[in-house]
Every structure is written in structure tokens, then in C-alpha cells.
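*Asks:* Numbering (the numbering used here), first residue to last: 1397 to 1620.
No residue lacks a Cβ here, since even glycine has one placed at the ideal position from N, Cα and C.
Here the structure is a predicted model, which means the values were calculated and not measured.
Take this structure, written in C-alpha cells, and hold onto it; I'll ask about it next.
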């Protein structure tokens, strides 16, 4: 199958010949952190789960306890890795991958949207006008994030045919992966929302991908 991104990243295009195989990919966003709660831009700042986040991860572990996985991929940032360890336990080796880190928000990390709007009005306007090409000060563009995400998806499709894969990462990465799987332009990643500790599921076939589940949080109690 083809994974299509925008023309400006043509050199990163991938052709994955799956034959008659298919692969199932479970996508999980890490549990809640204090910065999630405060609505701060986290990016690649290494913020741990808070107590609610750990409870959310345990709820996910319960939901997936009877689901076998062949491999587990995780961002190496601690909020994702802690979520992964709670879910996977000792069942499988975890493949930590720096390519699964959240978008680098540069100088905006740790700040709220209102603070950024106050201190970086011009940069914020430019970023919102074209997040694909414009980066936060000392950060990265959506184009750079999409190339990272595409590289991971290429590896998974090539190496884990006929397998079930668990991947734990961050909102921006997961939204980009969903766009790539569906052959949608990465700019459309705003059209998908993935909550902390949510579960999404994609099946890959020779003819394309099907999203079976998106942003499911039915495993979380009302207080989570």
C-alpha cells in the first residue's frame, strides 16, 4: 500500500507491498499529566504521569489484558513509557523510539495558549496560518513530525505483517499516523482528536486501512 504525504516530502514516500497480509495497529495516547491538566504545551518536555494518569493507564491495562500483542512501540518520553510499562508489564519487550516523541514546540513548551498569544503573537499567527511549514520558535514543523511518523509506520508495516502491534505515543504523533494510514494530507491532523489514555485501532489491508476504533475512552470511569 502507499503512504502518501504532501509533495514537499516526496522523498519520504513509502511503498509497502503487503501481499495478502494485514496488520492491526493499536494506538494509545499516554495518560494525563499535570501539564495536560493545566493546558500547557508539553511537546518534548519530559513530564511524568500524574496520579490520574497512572489510574488511566491501569484502566487501559485491564481493558487490554486479554489482547495478545506481537510487539510494543513507545515514545521514550516518560509519560508515554510509564503508560506503556503499566499496560505491557513483563509480557513483551518494549521498543523505545525517539521518532514517536511529540512535536517539538520549542520556546512554547510549558506555556499556555493564552501566554503564547501574549508573548509570541506574530509567531503564533504564522504557525496557525500554516502549521505544516511554520514552526514555533526553536521548534519543529508539522512536516518534520509527519516525516518522523511516516518513518515509524514504514518500519512497522515492513517488519510486522500479519501481526498485532501496540503503539503508545502522543497526540500529535497519533493524529499524524491516522492521517498517514488513511492517505490524508498531514495538515488534516487537526480533524482527529485523541484524548489522554484513549484507544484507537487501525487494520491495514493490501487495498488500504480501516479505522475500527477512534479515541475510545469507554474504559475510563467518570472520575478519570
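If you draw a straight line from the alpha carbon of residue 1575 to that of residue 1421, how long is it in whole angstroms?
*Replies:* One-based indexing of the chain shown puts residue 1575 at position 179. One-based indexing of the chain shown puts residue 1421 at position 25. Each residue's Cα considered, the two are about 14 Å apart.
*Asks:* Take residue 1587 as the anchor and find which of 1595, 1567, 1600 has the nearest alpha-carbon.
*Replies:* Taking the first residue of the chain shown as 1, we reach residue 1587 at position 191. Selected option, being the one with the closest Cα: 1567.
*Asks:* For the pair the region 1516 to 1532 and the region 1553 to 1572, tell me if three or more CB-CB distances fall below 8 Å.
*Replies:* No, the region 1516 to 1532 is not in contact with the region 1553 to 1572.
*Asks:* Rounded to a whole number of angstroms, what is the C-alpha to C-alpha distance between residue 1610 and residue 1488?
*Replies:* In the chain shown, residue 1610 corresponds to position 214, counting from 1. In the chain shown, residue 1488 corresponds to position 92, counting from 1. If I take the Cα positions, the gap works out to 24 Å.
*Asks:* Indicate the three-state DSSP secondary structure (helix, strand or coil) for residue 1616 in the structure shown.
*Replies:* Indexing the chain shown from 1 puts residue 1616 at position 220. Note: residue 1616 maps to coil in three-state DSSP.
*Asks:* Between the region 1531 to 1549 and the region 1494 to 1505, do three or more beta carbon pairs fall short of 8 Å?
*Replies:* The region 1531 to 1549 vs the region 1494 to 1505: in contact.
*Asks:* I need the straight-line Cα distance from residue 1418 to residue 1444, nearest angstrom please.
*Replies:* Mapped onto the chain shown, residue 1418 falls at position 22. Mapped onto the chain shown, residue 1444 falls at position 48. Straight-line Cα distance between these residues: approximately 35 Å.
*Asks:* So, helix, strand or coil for residue 1488, using DSSP?
*Replies:* Reading the chain shown from its first residue, position 92 is the one you call residue 1488. Three-state result, residue 1488: coil.
*Asks:* DSSP on residue 1524, reduced to helix/strand/coil?
*Replies:* As a first step, residue 1524 must be located in the chain shown, where it is residue number 128. Of the three classes helix, strand and coil, the one that applies to residue 1524 here is helix, per DSSP.
*Asks:* Taking the beta strand (DSSP E) that residue 1564 belongs to, which residues open and close that run?
*Replies:* Here residue 1564 corresponds to residue number 168 of the chain shown, with the count starting at 1. Start and end: 1560 to 1565.
*Asks:* What's the gap between the Cα of residue 1545 and the Cα of residue 1497?
*Replies:* Here residue 1545 corresponds to residue number 149 of the chain shown, with the count starting at 1. Here residue 1497 corresponds to residue number 101 of the chain shown, with the count starting at 1. Looking at the two C-alpha atoms, the distance is approximately 9 Å.
*Asks:* Could you give the C-beta distance for residue 1596 and residue 1578, rounded to a whole number, given that I count them as a contact under 8 Å?
*Replies:* The residue you call residue 1596 lines up with position 200 of the chain shown. The residue you call residue 1578 lines up with position 182 of the chain shown. Going by Cβ atoms, the distance from residue 1596 to residue 1578 rounds to 12 Å, so no, they are not a contact pair.
*Asks:* For a test of your reading of the model: does the CB of residue 1479 fall under 7 Å from any non-hydrogen atom of the ligand GDP? Yes or no.
*Replies:* Absence of the ligand GDP is noted for the structure shown, with no ligands found whatsoever.
*Asks:* Could you give the first and the last residue of the continuous beta strand (DSSP E) run that contains residue 1505?
*Replies:* Here residue 1505 refers to the residue found at position 109 of the chain shown. Premise fails: residue 1505 is in no beta strand (DSSP E) and is neither H nor E.
*Asks:* Count the other CB atoms, across all protein chains shown, that sit within 10 Å of the CB of residue 1572; report buried if there are 16 or more and exposed otherwise.
*Replies:* Sequence index remark: in the chain shown, residue 1572 carries index 176 (1-based). Looking at its Cβ environment, which holds 16 or more other Cβ atoms inside 10 Å, residue 1572 is buried.
*Asks:* Taking DSSP as the reference, what is the three-state secondary structure of residue 1597?
*Replies:* Walking along the chain shown from the start, residue 1597 turns up at place 201. Three-state DSSP puts residue 1597 in a strand.
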